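In the working numbering, the protein residues as written are 5 to 107. Below: the structure, in structure tokens.
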């Protein structure tokens, strides 16, 4: 069984025991999370689509850890003008393990 969920402005295809990194969610490691924005649920040949959400469907997950993504550097330089700008960014992420999908 698999599902498509929406969190953090992105959509993810998930199945039982999948581990994925998503945008930061509140909670501590070992806690549980419920995703109620389920767009699609499928099992084999039968697929249920939501308009826009599947009614009564939810995906439960366990928080594995709170982490941060890789450092990204945005560097801009204008030649011959002694003008440059350097800015760094690290995205806050949450690693979750999918424990159950119910339609």
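Every residue gets a Cβ at the ideal spot worked out from N, C-alpha and C, and that includes glycine. Predicted model, so just to flag it, every value in this text is computed and none were measured.
Measuring alpha carbon to alpha carbon, tell me which of the options ends up nearest residue i.
i          : options         : result
residue 95 : 22, 12, 27, 16  : 27
residue 43 : 60, 91, 80      : 60
residue 92 : 105, 75, 33     : 75
residue 36 : 13, 66, 104, 55 : 66
residue 99 : 70, 52, 55      : 70
Here's a check: name, in chain order, each residue in its chain whose Cβ is nearer than 6 Å to the Cβ of residue i, leaving out the five neighbours to either side.
i          : result
residue 80 : 89
residue 54 : 43
Measure the beta-carbon distance from residue i to residue j and round it to whole angstroms, keeping in mind my assumption that it falls under 8 Å.
i          : j           : result
residue 23 : residue 101 : 5 Å
residue 63 : residue 107 : No, residue 63 and residue 107 are not in contact; Cβ-Cβ is about 10 Å, not under 8 Å.
Sorted by chain position, which residues of the same chain lie with C-beta nearer than 8 Å to residue i's C-beta, five sequence neighbours on each side aside?
i          : result
residue 87 : 81
Give the DSSP-derived three-state secondary structure of residue i in the structure shown.
i           : result
residue 4   : The structure shown does not extend to residue 4, since the chain spans only 5 to 107, so no value can be given for it.
residue 15  : strand
residue 101 : strand
residue 3   : Since the first residue of the chain shown is 5 and the last is 107, residue 3 is not available in this structure.
residue 32  : coil
residue 10  : strand
residue 47  : strand
Tell me the residue span of the beta strand (DSSP E) that contains residue i.
i          : result
residue 67 : 62-72
residue 92 : 87-93
residue 58 : Looking at the DSSP string, residue 58 is not in any beta strand (DSSP E), and its letter there is neither H nor E.
residue 27 : 23-27
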